[in-house]
């Protein structure tokens, strides 16, 4: 702002005030990243990982139970990331814990309505499509979780469905999600997908004992190297014709 | 179909629902032009909001065979030869070279596999398994998925020379 110092003291004051407010709004020492950080982020990352393996007539799911903040503070060692929705479906999610809980509530509510409308429990095949659509309904403000839905389908076979945050669904024989996903998936690719084995070699059968043992080993390996995974393994096993069992196993607490 | 996986999955279900309702209402199967128009109009509502869908709607209806390319930018065009996705330029290279107006079924299928194989070879965003569907006036025949690495070796045999590289000291 131009002013004449000797004859226009009011102009000088105005110029000073303008310059001062400009510096307060956009100081030299504040770069774009700091200014960006002032905006409130609706998401936070509570960490953790989940994994699921489907077999001929069973599914095995596991997750850790650690909830952490900024990857360094442990808020609790008992946060459940897997929820048994009904005797056919188990939901395993990790990421933003607020969305983990909300996704569980949304699905429980829809399953409750299904029980009322149709008089029976929703099967995992139907629930998988329902979850995909529910995730997509929030396409422009997503549920910040990598969801996994698993259960024994109506043909008695194990089913594992993996989702991205906006609902892309894929039925797989094994999957993992969360912080330790890049460590769990290669291990499962090697041990279950047998991608490293040559064609002619005989593959070991995927029994429930082998699947349980593999999933425990996968988590123990992940807890070694991944800081937000640890404390306990929450293990859920669903077998065709049997009730769903849920156990906790110890894991590294460091 | 290429682009955002969730977007493609969701919107194809929406279009499929419309096509089923159309057939029940009008007592005749929907034309490819109409289905692709509905798809394009649905995507146009969300133009600029970040959807990412690149698709080809193909079929054999009462007007004959048709391919329509529909994308989330609002583009919809009828084409004889089409490719979408990150590897589409590589696929176009093969398609434009070998496509003829009159081809047998076998030639067309081989061309499709060849184009996809080249796209997956040079594009990091494409790969995995190649699926093929053959649409005839009466049926849609789905071929089993072929691993693109195996596909590469099958086509490489045509070159007649050994593609394996053995380093040797001079």
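Chains as they are written, first to last, in the working numbering: chain A, 1 to 254; chain U, 255 to 424.
Beta carbons: idealized from backbone N, C-alpha and C, even for Gly.
Let's test the definition: count the other Cβ atoms within 10 Å of the Cβ of residue 261 of chain U and tell me whether it reaches 16, buried, or not, exposed. Result: buried.
Tell me the rounded alpha-carbon separation between residue 330 of chain U and residue 366 of chain U. Rounded to the nearest angstrom, the two C-alpha atoms are 22 Å apart.
Mark residue 53 of chain A as exposed unless 16 or more other C-beta atoms lie within 10 angstroms of its C-beta, in which case mark it buried. The residue in question, residue 53 of chain A, is buried, as its Cβ has 16 or more Cβ neighbours within 10 Å.
Can you name the residues of chain U whose CB is closer than 7 Å to the CB of residue 136 of chain A? In chain order: 260, 264.
Is there at least one Cβ from chain A nearer than 8 Å to residue 404 of chain U's Cβ? No, because no Cβ of chain A sits closer than 8 Å to the Cβ of residue 404 of chain U.
Give me the subset of the region 143 to 175 of chain A whose CB atoms are less than 9 Å from a CB atom of chain U, sorted by chain position. Residues are counted here when their Cβ sits less than 9 Å from a Cβ of chain U; for the region 143 to 175 of chain A these are 163, 164, 165, 166, 167, 168, 169, 170, given in chain order.
Contacts of residue 303 of chain U in chain A (Cβ-Cβ under 8 Å): Listed by position along chain A, the residues whose Cβ is nearer than 8 Å to that of residue 303 of chain U are 140.
Are residue 311 of chain U and residue 289 of chain U close, meaning C-beta to C-beta below 8 Å? Yes, the Cβ-Cβ distance between residue 311 of chain U and residue 289 of chain U is below 8 Å.
By the three-class DSSP mapping on this structure, what secondary structure does residue 371 of chain U have? DSSP places residue 371 of chain U in helix when its eight states are reduced to three.
Measure from the alpha carbon of residue 59 of chain A to the alpha carbon of each residue in A:98, A:90, A:231, then state which is nearest. Ranked by how close their Cα comes to the Cα of residue 59 of chain A, the residues A:98, A:90, A:231 have A:90 in first place.
In this structure, how does DSSP classify residue 114 of chain A when only helix, strand and coil are distinguished? Of the three classes helix, strand and coil, the one that applies to residue 114 of chain A here is helix, per DSSP.
Determine contact between the region 333 to 353 of chain U and the region 383 to 397 of chain U, defined as no fewer than three beta-carbon pairs at a distance below 8 Å. The region 333 to 353 of chain U, when compared against the region 383 to 397 of chain U, does not touch it at the 8 Å Cβ threshold.
Taking the alpha carbon of residue 222 of chain A as the point to measure from, which residue in A:188, A:246, A:192 has its own alpha carbon closest? Residue nearest to residue 222 of chain A within the set A:188, A:246, A:192 is A:188 (criterion: CA-CA distance).
What's the C-alpha gap between residue 246 of chain A and residue 239 of chain A? When the Cα atoms are used, residue 246 of chain A and residue 239 of chain A turn out to be separated by approximately 12 Å.
With burial defined as no fewer than 16 other Cβ atoms inside 10 Å of the residue's Cβ, what is the status of residue 118 of chain A: buried or exposed? Residue 118 of chain A comes out exposed.
So, are the CB atoms of residue 150 of chain A and residue 61 of chain A less than 8 Å apart? In this structure, residue 61 of chain A lies closer than 8 Å to residue 150 of chain A by Cβ.
Work out the CA separation of residue 215 of chain A and residue 359 of chain U for me, nearest whole Å. Straight-line spacing of the CA atoms in residue 359 of chain U and residue 215 of chain A works out to 47 Å.
Please state whether the Cβ-Cβ distance between residue 63 of chain A and residue 94 of chain A is less than 8 Å. Closer than 8 Å, so yes.
Can you name, in chain order, every residue of its own chain whose Cβ lies under 8 Å from the Cβ of residue 404 of chain U, other than the five neighbours on each side? Within the same chain, residue 404 of chain U has no close Cβ partners at all.
Hey, how far is the Cα of residue 206 of chain A from the Cα of residue 84 of chain A? C-alpha separation (whole angstroms): 23 Å.
Within 10 Å of its beta-carbon, does residue 357 of chain U have 16 or more other beta-carbons around it, so buried, or fewer, so exposed? It counts as exposed.
For residue 73 of chain A, which beta-bridge partners are listed by DSSP? BP columns for residue 73 of chain A point to A:69.
Straight-line Cα distance separating residue 30 of chain A from residue 123 of chain A: Rounded to whole angstroms, residue 123 of chain A to residue 30 of chain A spans 54 Å at the Cα level.
Among A:9, A:96, A:87, A:25, which has the Cα closest to the Cα of residue 228 of chain A? Ranking the options by Cα distance to residue 228 of chain A, first place goes to A:96.
To which residues does DSSP link residue 170 of chain A through a beta bridge? For residue 170 of chain A, which the question treats as bridged, DSSP gives the partners A:162.
With distances taken Cα to Cα, identify the nearest neighbour of residue 172 of chain A among A:178, A:159, A:182. Among A:178, A:159, A:182, the Cα nearest to that of residue 172 of chain A belongs to A:159.
Does DSSP put residue 105 of chain A in a helix, in a strand, or in coil? Three-state DSSP puts residue 105 of chain A in a helix.
Please report the residue range of the beta strand (DSSP E) in which residue 350 of chain U lies. Residue 350 of chain U -> not in any beta strand (DSSP E); alpha helix (DSSP H) instead, spanning 342 to 352.
When you compare only the Cα positions, how much space is there between residue 259 of chain U and residue 252 of chain A? The straight-line gap from Cα to Cα measures roughly 37 Å.
Does the contact criterion of 3 or more C-beta pairs under 8 Å hold for the region 333 to 342 of chain U versus the region 297 to 304 of chain U? Result no; under three Cβ-Cβ pairs closer than 8 Å.
CA-CA distance, residue 393 of chain U and residue 204 of chain A? Distance between the alpha carbons of residue 393 of chain U and residue 204 of chain A is about 40 Å.
So who's on the other strand from residue 330 of chain U, going by DSSP bridges? In the DSSP output, where bridge partners are listed per residue, residue 330 of chain U has U:324.
Judging by CA-CA distance, which residue of U:323, U:371, U:316 is the nearest neighbour of residue 210 of chain U? Not covered by the structure: residue 210 of chain U. The range shown for chain U is 255 to 424.
For residue 379 of chain U and residue 146 of chain A, I'd like the C-alpha separation in whole angstroms. If you draw a straight line from the Cα of residue 379 of chain U to the Cα of residue 146 of chain A, it comes to about 21 Å.
Since residue 103 of chain A contacts residue 136 of chain A with CB under 8 Å, what's their CB separation in whole angstroms? Contact doesn't hold; Cβ gap of about 13 Å is too wide.
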